[in-house]
Amino acid sequence: MNYRHIFHAGNPADVMKHAVLALIIDHLRAKPAPFCVLDAHAGIGRYDLDSEPARKTLEFQDGIGRLFGQPAPHPALEPYLDAVNALNPDGRLRWYPGSPRLARALLREQDRLLLNELHPDDWQTLKAEFAGDRQVSTFKTDAYQALKSHLPPREKRGLVLIDPPFEQPDEFARMAEGLKAAHRRWSTGVYALWYPIKERAAVWRFQEAVENTGIRKILTVELTWHPEDTHLRLNGSGLLIVNPPWTLDDTLRAMLPALHAALPSTGGGCTVDWLVPEG
Numbered sequence: 000m001n002y003r004h005i006f007h008a009g010n011p012a013d014v015m016k017h018a019v020l021a022l023i024i025d026h027l028r029a030k031p032a033p034f035c036v037l038d039a040h041a042g043i044g045r046y047d048l049d050s051e052p053a054r055k056t057l058e059f060q061d062g063i064g065r066l067f068g069q070p071a072p073h074p075a076l077e078p079y080l081d082a083v084n085a086l087n088p089d090g091r092l093r094w095y096p097g098s099p100r101l102a103r104a105l106l107r108e109q110d111r112l113l114l115n116e117l118h119p120d121d122w123q124t125l126k127a128e129f130a131g132d133r134q135v136s137t138f139k140t141d142a143y144q145a146l147k148s149h150l151p152p153r154e155k156r157g158l159v160l161i162d163p164p165f166e167q168p169d170e171f172a173r174m175a176e177g178l179k180a181a182h183r184r185w186s187t188g189v190y191a192l193w194y195p196i197k198e199r200a201a202v203w204r205f206q207e208a209v210e211n212t213g214i215r216k217i218l219t220v221e222l223t224w225h226p227e228d229t230h231l232r233l234n235g236s237g238l239l240i241v242n243p244p245w246t247l248d249d250t251l252r253a254m255l256p257a258l259h260a261a262l263p264s265t266g267g268g269c270t271v272d273w274l275v276p277e278g
C-alpha cells in the first residue's frame, strides 16, 4: 500500500483510461433506467497538479497537459475533457479528476457511485471529498472483497472499474480471478480492468487467464506510446472490457488514433480487438 497516484495523475495512461471510462458511462446514460458505478481502487478522487509530488514527476505534462485548453482531437473525447474542464473553470490546469470525480461528473440524479479504497490515508481523503453527497458511498476494504460485498447492485445496470496499483507480483492473476468471481455474481454488468503494458508476455498470460474463465463478450483496448523493446518502463496501457456497450468498439477505433496523435510518443499505436466475441 505504498503506491501514491499523485505522482502519475493525468499522465498518458490516465488520459486513455479515463477517456474510455467516460465513454462507457456516457453510453449508460443513454437509457433512462438508473445505473451504478463501482470503483474498486478509487484513490483520493481528484489530484492537485500544483502539489510537490505532481511537480516532481511532471508526468501530466505529456498527458492531460497536451489536451487541456485545446479543441478535442475527436468528439468522443468530449465527455472526458468536459469533466476535466469543469474542475478547472478558470482555464488553468490545476485539478485532475481521478475516476471517482470523473464518474461523479457524469452521474444523473437517479444514479449511484460506490467507491472503495484500502489505503487508510487515501480513504480519509476520498471520504472527505464526497462528504454529504447522497449519491456517493465510500468503503475501506480489499478491492476484491468489495466486489463480493456490492455485487450485484440493486440498479441491475452499471460499470465496475478494477484498476489496481500493481504493487503485488500476482496482480494480473488476482484480477482474472476477481473478474471470474464478480461475473458469477453479476453477469450483465460492464467490467473495465486496467493494466500496464511493460512486459507483453505478462499481458498475454493475463488475457489467456481471462479467456479461460468462459466469460463471453470481452473487448481489449490498448494505447502504447513507446516501442515494446523493454519492460523497464511503461510503454502503454490497456483496458479489458467485459460487456462493452453497443458500438463502443467502433467509437474507440475512430477515437484512439486521434488521441495517440495528440500525445507525445516514440512509436507504439492503438488497437481495439475482441478477445472473446459475444457468440
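Numbered by numbering that gives the first Met the number 0, the letters in the sequence shown go through residues 0 to 278 in order.
Here a beta-carbon is modelled for each residue, glycine too, at the ideal position from N, C-alpha and C.
Proximity below 7 Å, CB of residue i to CB of residue j
i: H225; j: G267; result: yes
i: L160; j: S136; result: no
i: V220; j: L251; result: yes
i: G177; j: L146; result: yes
i: R111; j: P151; result: no
i: N59; j: G90; result: Note that residue 59 is Phe in the sequence shown here, rather than Asn. It is not a contact, given that the beta carbons lie outside the stated cut-off.
i: I63; j: V19; result: no
i: A257; j: P72; result: yes
i: G235; j: L222; result: yes
i: L101; j: A82; result: yes
i: F205; j: F171; result: yes
i: F6; j: P70; result: no
Run of the beta strand (DSSP E) containing residue i, from where it starts to where it stops
i: F322; result: What the structure shows of the chain is the stretch from 0 to 278, and residue 322 is not part of that stretch, so it cannot be assessed.
i: I161; result: 157-161
i: P96; result: 94-96
i: T270; result: 268-275
i: I217; result: 217-223
i: D47; result: 45-47
i: D38; result: 35-38
Spatially closest choice to residue i from the options, by CA coordinates
i: S264; options: D61, V189, A200, W203; result: D61
i: D272; options: K216, N234, N10, R156; result: K216
i: G42; options: S98, E277, A208, P11; result: S98
i: H4; options: E176, W185, N242, P163; result: P163
i: D132; options: L106, G157, A253, L48; result: L106
i: V202; options: R93, A175, T212; result: A175
i: H118; options: E207, L247, T140; result: T140
i: G278; options: A260, C269, N242, T246; result: N242
i: A142; options: E116, I24, P78; result: E116
i: E210; options: A200, D228, E227, L239; result: L239
i: D38; options: S186, A127, P276, L158; result: L158
i: P74; options: Q167, A21, E51, T212; result: A21
i: P33; options: K126, R103, Q144, R153; result: R153
i: L125; options: R103, N84, E166, P276; result: R103
i: V36; options: I214, A200, H149; result: H149
i: Q134; options: D120, A127, Q109; result: Q109
i: F138; options: D228, A253, H259, H40; result: H40
i: E198; options: S186, R173, G237, A29; result: G237
i: D49; options: E128, L92, K16, L233; result: L92
i: E207; options: S186, G68, K179; result: K179
i: A29; options: T246, C269, D120, H259; result: T246
i: T212; options: G68, I196, S186, A200; result: S186
i: R173; options: I196, Q144, A200; result: Q144
Inter-residue CB distance, residue i and residue j (contact presumed, cutoff 8 Å)
i: L86; j: R54; result: 18 Å between Cβ atoms; not a contact.
i: A181; j: Y194; result: With 8 Å as the limit, A181 and Y194 do not qualify as a contact, their Cβ atoms being about 16 Å apart.
i: W94; j: D47; result: 6 Å
i: L218; j: D248; result: 6 Å
i: L66; j: L80; result: 6 Å
i: P96; j: D25; result: With 8 Å as the limit, P96 and D25 do not qualify as a contact, their Cβ atoms being about 15 Å apart.
i: P244; j: I23; result: 6 Å
i: R156; j: L27; result: 7 Å
i: L233; j: A12; result: 7 Å
Residue i, enclosing alpha helix (DSSP H) - first and last residue
i: A191; result: Element bounds for A191: not the alpha helix (DSSP H) but the beta strand (DSSP E), 189-196.
i: F6; result: Note, F6: premise wrong, no alpha helix (DSSP H); not H, not E.
i: S148; result: 142-149
i: R199; result: 199-210
- At 3 residues or longer, and completely inside the segment 113-140: list those beta strand (DSSP E) runs for me, N to C. If only uninterrupted beta strand (DSSP E) runs of at least 3 residues are considered, those enclosed by the segment 113-140 are 135-138.
**OP:** May I have a chain-ordered list of the alpha helix (DSSP H) segments no shorter than 4 residues that lie completely inside the segment 54-110?
**Re:** With a minimum length of 4 residues, the continuous alpha helix (DSSP H) runs that stay inside the segment 54-110 are 77-86, 98-105.
Taking only runs that begin and end inside the segment 233-257, name each unbroken beta strand (DSSP E) of 3 or more residues, in chain order. Correct list: 235-241.
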